[in-house]
Amino acid sequence: SVFEDNSALNNLDLSKNQINFLNESLFRHLLSLENLNLNTNKLANIQNWTFKGLFNLINLNLSNNKIIFIQKNSFADLFNLKILDLGKNPFMSINYLGKLNSLRNFYIKPDIFENKANLEVFLNMIKAKFYKTSLFNQI
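Taking the working numbering as reference, the numbering of the sequence shown is continuous, increasing by one, and the terminal residue is 133.
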């Protein structure tokens, strides 16, 4: 992996790099990573295990991409994730995101939900305990 010798890295900013694909487990050696910024790229799909091994990740910014689909186990190892920004993406489908129990701030384009019932189903699905929920912020 390109990040194999960077296990002590805390912050990684890959924004505005025209990235259109992330390999499975690409970041697995970044054991200390807390902040990952992937905004303003060309990502369309988030694959299973893309963020595998990022147990210490606190902030993940995937805003302003072309994401239409997130696979079921994409966020499986993100036990400490507190901020997830999926704003400004043209979603077609969001599968189960996992038990993001540490999640405190969640940003997403509001019109993905056709009605309030769909929003409630989604919130129950991620089983997050929101202290400060920012679902309808446009970032």
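A virtual CB, placed ideally from N, CA and C, is assigned to each residue, including glycine. Given the structure is predicted, the values throughout are model-derived calculations rather than measurements.
Beyond the five residues adjoining it in sequence on each side, residue 70 comes within less than 6 Å, by CB distance, of 92 in the same chain, given in chain order. Taking C-alpha positions only, residue 72 is separated from residue 28 by approximately 10 Å. Taking residue 102 as reference, the option from 96, 7 and 79 with the minimal CA-CA separation is 79. DSSP places residue -1 outside any beta strand (DSSP E), giving it a letter other than H or E. One alpha carbon belongs to residue 84, the other to residue 76, and they sit about 23 Å apart. Secondary structure in the stretch 56 to 94: the beta strand (DSSP E) runs of 3 residues or longer, each lying completely within the stretch, are 77 to 79 in chain order. Contact annotation: residue 14 and residue 36 have beta-carbon atoms nearer than 8 Å.
A Cβ-Cβ distance of about 5 Å is found for the pair residue 42 and residue 65, placing them in contact under the 8 Å criterion.
Under the three-state reduction of DSSP output, residue 13 falls in the coil class, being neither helix nor strand. Across the structure, residue 32 and residue 98 are spaced so that their CA atoms are roughly 19 Å apart. Looking at the DSSP output, residue 35 sits in no beta bridge, so it has no partner there.
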